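Data first, discussion second: the structure below is written as structure tokens.
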Amino acid sequence: MLFALVALGGGLAMALIVSGVMFLRLHEAEQLIRNRDAEHQGVLDRLHENEYRLRAIIESEPECVKLQTADGTVLEINPAGLKLLDADRPEDIVGKKIYCVVAPEYIDFYRENMRRVFCGESVVYEFKVHTFKGRTAWMESHAVPLRDARGTIYALLGITRDISEKKNAEEQARRHQTELARVARLSTMGEMATGIAHELNQPLTAIANFARGCIRRLHADGMSPGELIEPLEEVCEQAERAGEILRHVRDFVRKSELQMKPLDINQIVRTVVKFTESEARQQGAIVRLDLDSGLPQVQADAIMIEQVICNLVRNAVEAMADSQWSRRQVTILTRLVGDAVVEIEVGDTGPGIDGAVIDQVFDQFFTTKLEGVGMGLSISRSIVESHGGRIRAESGRKGGATFRFTLQASEQQANKHERANSIHS
19 MLFALVALGG
29 GLAMALIVSG
39 VMFLRLHEAE
49 QLIRNRDAEH
59 QGVLDRLHEN
69 EYRLRAIIES
79 EPECVKLQTA
89 DGTVLEINPA
99 GLKLLDADRP
109 EDIVGKKIYC
119 VVAPEYIDFY
129 RENMRRVFCG
139 ESVVYEFKVH
149 TFKGRTAWME
159 SHAVPLRDAR
169 GTIYALLGIT
179 RDISEKKNAE
189 EQARRHQTEL
199 ARVARLSTMG
209 EMATGIAHEL
219 NQPLTAIANF
229 ARGCIRRLHA
239 DGMSPGELIE
249 PLEEVCEQAE
259 RAGEILRHVR
269 DFVRKSELQM
279 KPLDINQIVR
289 TVVKFTESEA
299 RQQGAIVRLD
309 LDSGLPQVQA
319 DAIMIEQVIC
329 NLVRNAVEAM
339 ADSQWSRRQV
349 TILTRLVGDA
359 VVEIEVGDTG
369 PGIDGAVIDQ
379 VFDQFFTTKL
389 EGVGMGLSIS
399 RSIVESHGGR
409 IRAESGRKGG
419 ATFRFTLQAS
429 EQQANKHERA
439 NSIHS
């Protein structure tokens, strides 16, 4: 039969063979498509499983997890986030901008951190919010960029937690430290009363002498009013000097909040020296200044930094008073370290610090003085660290102790100094 078909019509036989091959290939193609569809469905199933698993993790996460767009619109937030913001339902915040709960004074700061995230950074920042029920709270957010398959950042993923208790504890500790520092300043003023009285006695004595001179001239014959101008101007000048001393004593012991602002550190050093040089002279010591005139201003609270320098100078003077050395000198030095850090150094020519205890000098209640309470250097360290600086002590091989602490230059002054350096270089 086959031979007959071939004999009668080879073309028909070829067509049948081709048709059979095509059928087999079509069947194979259909099978391949079914396999691919099954594989694709498996991929989809796994993606859905991962999505469900991820969503379950996010939903059960005890901290706020949220997605935001570049303009601050909240795309998604978990139940913990709703609870954190005192929201009753997702619609209260989803689809709205996060700035509706961020405290007004932190909106610019929040925007800047969002900008950094959408530039590819991972950031951690603290800010304050006013929740939907009017509660004020501190938040800490860890934010990272989310990218699509092409690497484009399309959202911010933020994990946020309430740090109000931590902030309140820090505030209470800071207030306690501030009050402790004020008590220490009162104690210092009491110890320095003799020196302050001496400083006040000089202008008061001058005022009395010039006033008596004016009275004598008024009683004398032939005296013209113009002759009183010079002594009366001197009276005014000395009265202002006495008033300045009293004013600074009052400021030094006042109770106030930390007031950070750009300051001339050299001027602070000179002010402290005015208060302490009388006490230094009584102990047979001199205070020498080596101040860098080209320093940028520092960001600091003037009274607090005066307290640190005053503590260090008085400690140096007292250390030398206990020694038998004839050369008693305190040297205060200021210099720039890098472009944005100012270092203040107070050194003396006393016996130095025992190497066995040098690491303990900043501990509370540690003292080498018979009548000391061990709070001056501890408070000094707290003040310096609250300003973002560091303080350390060193002892020379041949005697003498040196204390160094750093302060940050104010941002504007640091930028100005950096530009000046680049121009000169």
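Residue numbers (our numbering): 19 to 443. Think of the CB as a built atom: it goes at the ideal place given N, C-alpha and C, for glycine as much as any other residue. Since the structure is predicted, the reported quantities are computational estimates derived from the model, not experimental observations.
DSSP lists A318 as the bridge partner or partners of K279. With 16 or more other Cβ atoms from the protein chains shown falling within 10 Å of its own Cβ, P221 counts as buried. In the displayed model, E255 falls within a helix according to three-state DSSP. Remark: fewer than three beta-carbon pairs, one from each stretch, lie closer than 8 Å, so the stretch 123-136 and the stretch 99-113 are not flagged as touching.
With contacts defined as CB atoms closer than 8 Å, I327 and I371 fail to qualify as a contacting pair.
For the 8 Å CB-CB criterion, Q315 and D357 do not form a contact. Here K84 is buried: its Cβ has 16 or more other Cβ atoms, across all protein chains shown, within 10 Å. The DSSP-derived three-state label of Q347 is strand.
Around the beta carbon of N96, 16 or more other beta carbons lie within 10 angstroms, which makes this residue buried.
Scanning its chain for C-beta atoms nearer than 7 Å, with the 5 sequence neighbours on each side dropped, one finds around P163 the residues V135, F136, G138, I171 and L174, in chain order. In the DSSP secondary-structure assignment, E361 is bridged to R353 and T424. Beta-carbon to beta-carbon, G113 and T149 are separated by about 18 Å, too far to satisfy the 8 Å threshold.
The beta carbon of R410 lies closer than 8 Å to those of F421, R422 and F423 in the same chain, with the five residues before and after it left out.
In the same chain as G418, and ignoring 5 residues on each side of it, the C-beta atoms closer than 7 Å to its own belong to G365, D366, T367, G368 and G370, in chain order. Comparing alpha-carbon positions, the option among P80, D110, D126 and R234 lying closest to A98 turns out to be P80. With respect to the 8 Å criterion, R332 and E297 are classified as neighbours on the basis of their beta carbons. Your pair I225 and Q256 checks out as a contact, with CB atoms roughly 5 Å apart and the cut at 8 Å. With a cutoff of 8 Å on beta-carbon distance, A427 and V359 are scored as near each other. Taken through DSSP and simplified to helix, strand or coil, C137 comes out as coil.
In the three-state reduction of the DSSP assignment, I409 falls in the strand class, which pools E and B. L425 sits close to G407, with the two beta carbons spaced by under 8 Å.
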